[in-house]
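Undergrad: Chains A and B supply the protein sequences, listed in that same order.
Under the UniProt record's numbering, think of the first position of the first sequence as 1, with each following residue one higher.
Under the UniProt record's numbering, think of the first position of the second sequence as 1, with each following residue one higher.
Structure incoming, see below.
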Amino acid sequence: MSEQLDLRFLYRKLRQIRRVEEEIARIYPSDKIKSPVHLSIGQESVSVGVCSALRDDDVVAATYRGHAAYIAKGGSLSRMFAELYGKVTGCGTGKGGSMHLVGMDKYILGSSAVVGTTIPISIGYALALKREGSGRVVASFFGDGATEEGVFYESLNFAALHRLPILFVCENNAYAIHSPLKKRWASTQLCERVRTYGIPAISIADSDVLEIRQWASEAIAGLRRSETGPAFLECHTYRWREHVGPNEDYQSGYRSIAELQNWKEKDQVEAIGVRLLPSERAEIDAEIDAEIAAAVDFAESSPFPGPEEVLTHVYAS
Amino acid sequence: MYTPANGQRSLRYVDALREATIQEMERDKSVFLFGLDVDDHKGIQGSTIGLQDRFGPERVFGTPLSEDAMTGVAIGAAMAGMRPIHVHIRMDFVLLCMNQLVNMAAKAHYMYGGQVRVPIVIRCMIGKSWGQGAQHSQALHSMFMHVPGLKVVMPSNAHDAKGCLIAAIRDDNPVLFIEHRLLYSTECYVPEEPYTVEMGRARICASGTDITLVGISNMVMECLRARDLLSEVGISAEVIDPISLAPLDIDAILNSVNRTGGLLVVDCAWTNCGASAEILARISESPKLHGPVQMERMGFAFSPCPPSPPLEQAFYPDPSKIAAKVHSMVRPLDREWSPDPEKTILSHELQFRGPF
């Protein structure tokens, strides 16, 4: 891929996530989306950087703030919007909601609303891939808060012990709901903690999408050769909107607008966008807006599940 | 029940578990077995012994003491198409797995719109006696019965242990497979070929006309002994083993109650909010129930399990207490009666010695 084509690809993904989230925020006051949304605005580059280093048959696991990973891995926008609307055509047939997006056709494992829960599930999937032996890998996304859960350390240990093909990706946005790191971490040396398990760990400060992809690609190449165990990326990033919901919350006092401004200057949608010709960019923007409009139309015009659906899929048969 | 006829093979419960595992692992390459010490020299009281030599360390392996993450590993591997069996030597440890079992295993098929399946078997063992104490003795099946998406089976004999384990491994849902330590040495007829014992189908272990006894797990054995003692005073008790609690074959119990007119549920657990409460509630609210029926239940004393022998004896139901309770239900106007204590002791319980 030429450099320009590559930038177009990255911009398209970054912009797609940004615009989907903005569209959700626009629709939200209408109450058509009755699902708690944890928007990825500001954090797009982590998912795009990592997923652009993956093959189609690689696997991702994400969190309740998982729209970015779902889209970056190629999840259907129509089925995503339909899920947010609670429609039967949604990726979870209206039984998951925003926090439980899934797309097994694209190897997107279902996300969880309970912090840290998908980490061991992704290592279980990685165990199966290692037994399969075809070089596939798992990228497991989670937030800084998840690294405070005991299961995180249990999972690191097991993945390292069994040399599993998994890339751990910590999206460190510095807040667990409204609690800043300094109230939660005795030490900020997350990568040092991880390295004690023999897992190589890199911290990326500015959420630069090219840098994230470069480190992810190197780590994944090692995982595919099965020479090493797991690898770990800590990507510093920033959530622009409130923890849950469509709005900003800088008036509430737990964080400052200056902090946001600092991160907005590093905005990766813009950083990659300015490297395209204005006409190229406009063309991509228009395509994305058309795609999103079609996805919203699909959601609006899809039927709700019938009440009898409440009891289907409780058990697999 | 399943007393071996001439030439039929008798097998212990523990060996039936092992045989079921071997046969399924030979049949299906996606089955694997893991858990703390499944690969050690004791092999979970013998139920997993030698399996690592037979199937290799990729399919049979011990784990770190990370029950929470290991449950997630089972779920993730299952989503990728494998069929893990995760073993806990005590059910008390499954409390460390609750987030994964309740929030993910039970719900994944539903909340992901049928896109994934979680065919996992969680083998765990209830301990009893010889001072097991408060954290090596709990029977927490009702916690799992409460949650849609989970199946709960509690085989009471070697025949069902094998058939239920094979059924559980082949099932596409998460199954809590709950064993009882004191049943491990019990023997009965167990066919050599693989077979399944279907979940959701109760069994009448012994028929009777005066009252229906529903026993859960090892309480089936205790109810059967109580039945023998009661027959000496002319009371005829029917004993039902639900085998699986989720799904629960309430119709089999209801039909029996409609014949006998009485019901006593004996659980190897606490009664409040328990399996016994659920069974009584479902019978009570059934429109198919004929007439007024006397219903009671028995279970653990409402305390943690104490290790001191006299306290332990006061804590558990036993055949004597069951028989006395039945007598008071069936013949409420008679003087209180309880059987000769010498006759109430179960041989397999007598065999059991510590430490584990």
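All residues carry an ideal CB built from backbone N, CA and C; glycine is no exception.
Treat the numbers as computed from the prediction; the structure is a model and nothing was measured.
Mapping DSSP to helix, strand and coil, what is Asp206 (chain A)?
TA: coil
Undergrad: When DSSP labels each residue in this structure, what does Asp241 (chain B) get in the three-state scheme?
TA: strand
Undergrad: Just verifying my parser: in three-state terms, what is the DSSP assignment at Met199 (chain B)?
TA: coil
Undergrad: So, is Thr3 (chain B) buried or exposed, given that buried needs 16 or more other C-beta atoms within 10 angstroms?
TA: exposed
Undergrad: Is it buried or exposed for Asn247 (chain A), if we count other Cβ within 10 angstroms and need 16 for buried?
TA: exposed
Undergrad: Please list the partners that Pro148 (chain B) has in chain A, where partner means a Cβ-to-Cβ separation under 7 Å.
TA: Val314
Undergrad: DSSP on Cys170 (chain A), reduced to helix/strand/coil?
TA: strand
Undergrad: For chain A, is any of its Cβ atoms less than 8 Å away from the one on Asp172 (chain B)?
TA: A Cβ of chain A is located within less than 8 Å of the beta carbon of Asp172 (chain B).
Undergrad: Looking at the unbroken alpha helix (DSSP H) that takes in Cys235 (chain A), where does it start and where does it end?
TA: From DSSP, Cys235 (chain A) is part of no alpha helix (DSSP H) but of the beta strand (DSSP E) over Ala231 to His236.
Undergrad: Which residues, taken in chain order from the stretch 66-89 of chain B, show a beta carbon closer than 9 Å to some beta carbon of chain A?
TA: The stretch 66-89 of chain B vs chain A, Cβ under 9 Å: Ser66, Glu67, Asp68, Ala69, Met70, Thr71, Gly72, Val73, Ala74, Ile75, Gly76, Ala77, Ala78, Met79, Ala80, Gly81, Met82 and Pro84.
Undergrad: Indicate whether at least one CB of chain B lies closer than 8 Å to the CB of Asn262 (chain A).
TA: no
Undergrad: Is Ile92 (chain B) buried or exposed, if buried means 16 or more other CB atoms sit within 10 Å of its CB?
TA: Reading off the sequence, residue 92 (chain B) comes out as Asp, not Ile. By the neighbour-count rule (16 or more Cβ atoms within 10 Å), Asp92 (chain B) is buried.
Undergrad: Which partner residues does Arg26 (chain A) have in the DSSP bridge list?
TA: According to DSSP, which records beta bridges pairwise, Arg26 (chain A) is partnered with nothing at all.
Undergrad: Determine, using beta carbons only, whether Tyr70 (chain A) and Ile121 (chain A) come nearer to each other than 8 Å.
TA: no
Undergrad: Keeping to the same chain, check which residues put their C-beta closer than 8 Å to that of Leu289 (chain B); ignore five residues upstream and five downstream.
TA: Leu254, Val257, Asn258 and Ile283
Undergrad: Could you tell me whether the Cβ of Lys106 (chain A) comes closer than 8 Å to any Cβ of chain B?
TA: no
Undergrad: Let me see if you follow: with CB-CB separation under 8 Å, is Cys91 (chain A) close to chain B or not?
TA: yes
Undergrad: What is the residue span of the beta strand (DSSP E) that Ile85 (chain B) lies within?
TA: Arg83 to His88
Undergrad: Can you tell which of B:Gln115, B:Lys325 and B:Ile89 has the C-alpha that lies nearest to the C-alpha of His136 (chain B)?
TA: B:Ile89
Undergrad: Give the residues from the stretch 176-199 of chain A that approach chain B closer than 9 Å (Cβ to any Cβ), ordered along the chain.
TA: Cβ contacts with chain B come from no residue of the stretch 176-199 of chain A.
Undergrad: So Leu213 (chain B) is in the beta strand (DSSP E); what residue range does that whole segment cover?
TA: Ile211 to Gly215
Undergrad: From the beta carbon of Ser35 (chain A), is the nearest beta carbon of chain B less than 8 Å away?
TA: no
Undergrad: Quick check: is the beta carbon of Lys95 (chain A) nearer than 8 Å to any beta carbon in chain B?
TA: yes
Undergrad: Leaving out five residues before and five after Pro36 (chain A) in sequence, what residues of the same chain have Cβ atoms less than 7 Å from its Cβ?
TA: Ser98, Met99 and Val244
Undergrad: Distance, Cα to Cα, Gly90 (chain A) vs Ala299 (chain A)?
TA: So the alpha carbons of these two residues sit roughly 8 Å apart.
Undergrad: Could you compute how far the alpha carbon of Lys29 (chain B) sits from the alpha carbon of Gly133 (chain A)?
TA: 15 Å
Undergrad: Looking only at its own chain, which residues have a Cβ that is under 7 Å from the Cβ of Asp172 (chain B), when we skip the five neighbours before and after it?
TA: Excluding sequence neighbours, Asp172 (chain B) sits near Arg117 and Pro119.
Undergrad: Taking the straight line between their C-alpha atoms, what separation do you get for Val59 (chain A) and Ala69 (chain B)?
TA: 19 Å
Undergrad: Just reading off the beta strand (DSSP E) that Tyr70 (chain A) is part of, what are its end residues?
TA: Counting along the chain, Tyr70 (chain A) falls outside any beta strand (DSSP E), though it belongs to the alpha helix (DSSP H) covering His67 to Ala72.
Undergrad: Would you mind telling me which residues of chain A sit closer than 8 Å to Ala108 (chain B), beta carbon to beta carbon, in chain order?
TA: Gly110
Undergrad: Given Ala339 (chain B), which residues of its chain have a CB within under 7 Å of its CB, disregarding the five upstream and five downstream residues?
TA: A quick correction: the sequence has Pro, not Ala, at residue 339 (chain B). Annotation for Pro339 (chain B): Leu229, Ser320 and Ala323 place their beta carbon closer than 7 Å to its own, counting only its chain and skipping 5 residues before and after.
Undergrad: At the level of alpha carbons, what is the spacing between Val220 (chain B) and Gly131 (chain B)?
TA: 22 Å
Undergrad: Which stretch, first to last residue, makes up the beta strand (DSSP E) that contains Ala139 (chain A)?
TA: Val138 to Gly143
Undergrad: For the alpha helix (DSSP H) that Val175 (chain B) lies in, which residues bound it at each end?
TA: Here Val175 (chain B) belongs to no alpha helix (DSSP H); instead the beta strand (DSSP E) covers Val175 to His180.
Undergrad: DSSP three-state call for Ile22 (chain B): helix, strand or coil?
TA: helix
Undergrad: Can you check whether the CB of Leu156 (chain A) is closer than 8 Å to the CB of Ala139 (chain A)?
TA: no
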